[in-house]
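> Once you've had a glance at the structure underneath, I'll fire off some questions.
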Amino acid sequence: EPEVTQTPSHQVTQMGQEVILRCVPISNHLYFYWYRQILGQKVEFLVSFYNNEISEKSEIFDDQFSVERPDGSNFTLKIRSTKLEDSAMYFCANRQTNYGYTFGSGTRLTVV
Amino acid sequence: DQQVKQNSPSLSVQEGRISILNCDYTNSMFDYFLWYKKYPAEGPTFLISISSIKDKNEDGRFTVFLNKSAKHLSLHIVPSQPGDSAVYFCAASEPGNNRKLIWGLGTSLAVNP
């Protein structure tokens, strides 16, 4: 069964540093998403990406965040200057034209 | 803003019995509902879904019921197995191409042998 692969599985970074979270999506999927889950809280939508551009973003997705598909395959989430409150599990997800999402196993980001 | 609520943080059932996980929503625009299962250190795994035009969808041991008038859905697992022990998330989406998911807090299910 096709998988969504996320790297790294765990990233520890100092406050103020830039981090890039990487995702290798399923090749024939059209819609790409980033979600995050802060410990003990709900899974939250961050951003959706379709046809090589952002189609929707949440209030969380401020100027510190950006997404790219630099080589047409990898899908990255960049946080320019991390804050303590960015510590969370970040999930990449893909979707075809139907409703089914496939999620990656997540990257645990710890900002210290 | 709790558009999707799972009011039971945990549930414990005996192996072989029925597990019933509940979910309530407030947004009447939601037209598609999904249940995901999550193990520690893994991403959510799709389990079953239901469109708002239906009131029941069944897949093997898993059945989802939707009561639109009550804005309530439930996931039934029967018979429950120890391998079903996980966190179960209810999620919903509105019409449109984007289909972002709005999530509940999850219910941790423990199935005891």
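Protein chains in written order, with the working numbering: chain A, -11 to 100; chain B, 491 to 603.
Note that the Cβ used here is the ideal one computed from N, Cα and C, for glycine as well.
This one's a predicted model, so the numbers in the text were calculated from it and none came from an experiment.
Are the beta-carbon atoms of Ser575 of chain B and Ile508 of chain B separated by less than 8 Å?
In the second sequence, residue 575 of chain B corresponds to position 85, counting from 1. In the second sequence, residue 508 of chain B corresponds to position 18, counting from 1. Their beta carbons are not under 8 Å apart, which means Ser575 of chain B does not touch Ile508 of chain B by this criterion.
> Does the CB of Asn602 of chain B have a neighbour CB from chain A at under 8 Å?
Sequence index remark: in the second sequence, residue 602 of chain B carries index 112 (1-based). With 8 Å as the cut-off, Asn602 of chain B does not count as an interface residue toward chain A.
> Compare the C-beta of Trp525 of chain B against all C-beta atoms of chain A and say whether one is closer than 8 Å.
By one-based count along the second sequence, residue 525 of chain B stands at place 35. No, Trp525 of chain B lies away from the interface with chain A (no Cβ there is under 8 Å from its Cβ).
> Starting from Leu595 of chain B, find everything on chain A with Cβ-Cβ shorter than 8 Å and list it in chain order.
For the purposes of this step, residue 595 of chain B is taken as residue 105 along the second sequence, with counting starting at 1. Gln29, Lys30, listed in chain order.
> Counting contacts by CB-CB distance shorter than 8 Å, is Gly550 of chain B in contact with chain A?
For the purposes of this step, residue 550 of chain B is taken as the residue at position 60 of the second sequence. No, because no Cβ of chain A sits closer than 8 Å to the Cβ of Gly550 of chain B.
> Assuming Leu34 of chain A contacts Phe53 of chain A (C-beta within less than 8 Å), just tell me the rounded distance between them.
The residue you call residue 34 of chain A lines up with position 46 of the first sequence. The residue you call residue 53 of chain A lines up with position 65 of the first sequence. Indeed they touch by this definition, with Cβ atoms about 7 Å apart.
> Please classify Met519 of chain B: is it buried, with 16 or more other beta-carbons within 10 angstroms of its beta-carbon, or exposed?
One-based indexing of the second sequence puts residue 519 of chain B at position 29. Burial call: exposed.
> Counting only Cβ pairs nearer than 8 Å, list the residues of chain B close to Arg83 of chain A.
Your numbering for residue 83 of chain A matches position 95 in the first sequence. Correct list: Arg589.
> Is the distance from the Cβ of Leu511 of chain B to the Cβ of Leu501 of chain B below 8 Å?
Taking the first residue of the second sequence as position 1, residue 511 of chain B is located at position 21. Taking the first residue of the second sequence as position 1, residue 501 of chain B is located at position 11. Yes; because the gap between Cβ atoms is below 8 Å, this pair is in contact.
> So what's Asp74 of chain A in DSSP terms, helix, strand or just coil?
In the first sequence, counting from the first residue as 1, residue 74 of chain A sits at position 86. Three-state result, Asp74 of chain A: helix.
> Out of curiosity, what's the CA-to-CA distance linking Glu(-9) of chain A and Gly92 of chain A?
If you number the first sequence from 1, residue -9 of chain A lands on position 3. If you number the first sequence from 1, residue 92 of chain A lands on position 104. One C-alpha to the other measures close to 7 Å.
> Any chance you could list the alpha helix (DSSP H) runs of at least 4 consecutive residues sitting entirely within the region 513 to 578 of chain B, in chain order?
Here no run is fully enclosed.
> What's the C-alpha gap between Ile67 of chain A and Thr1 of chain A?
Residue numbering aside, residue 67 of chain A sits at position 79 when the first sequence is read from its first letter. Residue numbering aside, residue 1 of chain A sits at position 13 when the first sequence is read from its first letter. Between Ile67 of chain A and Thr1 of chain A, the C-alpha separation is close to 11 Å.
> Using the beta-carbon of each residue, which ones in chain A are nearer than 9 Å to Gly533 of chain B?
Along the second sequence, one-based indexing puts residue 533 of chain B at 43. The contacting residues are Val(-8), Gln(-6), Met77, Phe79, Cys80, Ala81, Thr90, Phe91, Gly92, Ser93, Gly94.
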